[in-house]
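This report concerns only the one structure given below.
Numbering (the UniProt record's numbering), first residue to last: 1 to 109.
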């Protein structure tokens with residue numbers, strides 16, 4: 001499984017079309033995803049200041065878009081990137097992700 005962090009509103013909008021397309025698909029050519037152990041760190045790094053998010057648990061075998069494990073920021077850690085839209089049918093669970101009183105996100109599967 002791979003995971004994608006988004007807002008409830010963006011996920012709700014995707015359900016009517018059957019596909020989710022993050023802004024990064026247009027700007028970078030892929031949708032950023034994480035492994036389970038990367039979600040919490042990614043949320044705290046990229047979504048600081050937000051209170052309520054969701055995590056889409058994606059079965060990469062069910063998506064028609066190509067998944068590539070790579071590092072595009074110059075480090076050594078590999079992250080899954082989805083090169084195309086995410087079909088809503090490939091999402092097996094939608095998990096809440098809320099920040100605590102200090103504004104930090106905590107995630108476990």
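C-beta atoms are modelled at their ideal positions from N, C-alpha and C, and glycine is treated no differently.
DSSP bridge partner residues for residue i (one or two, in chain order)
| i | result |
| --- | --- |
| residue 99 | 105 |
| residue 4 | 56 |
| residue 78 | Partner(s): none; residue 78 has no beta bridge. |
| residue 25 | Residue 25 pairs with nothing; no bridge assigned. |
| residue 15 | Paired residue(s): none; residue 15 is not in a bridge. |
| residue 92 | Paired residue(s): none; residue 92 is not in a bridge. |
Identity of the residue in the options nearest residue i by Cα
| i | options | result |
| --- | --- | --- |
| residue 23 | 57, 98, 10, 106 | 10 |
| residue 49 | 1, 93, 98 | 98 |
| residue 53 | 94, 66, 102 | 94 |
| residue 35 | 101, 107, 1 | 1 |
| residue 78 | 32, 26, 96 | 32 |
Residue j beta carbon less than 8 Å from that of residue i
| i | j | result |
| --- | --- | --- |
| residue 69 | residue 80 | yes |
| residue 6 | residue 56 | yes |
| residue 29 | residue 83 | yes |
| residue 88 | residue 20 | yes |
| residue 106 | residue 37 | no |
Buried versus exposed call for residue i [16 or more other C-beta atoms within 10 Å across all chains shown]
| i | result |
| --- | --- |
| residue 90 | buried |
| residue 73 | exposed |
| residue 14 | buried |
| residue 109 | exposed |
| residue 16 | exposed |
| residue 25 | buried |
| residue 92 | exposed |
Exercise. Enumerated in chain order, which unbroken segments of the beta strand (DSSP E) with a length of 3 residues or greater are wholly contained in the segment 31-75?
Worked result: 52-58, 66-70
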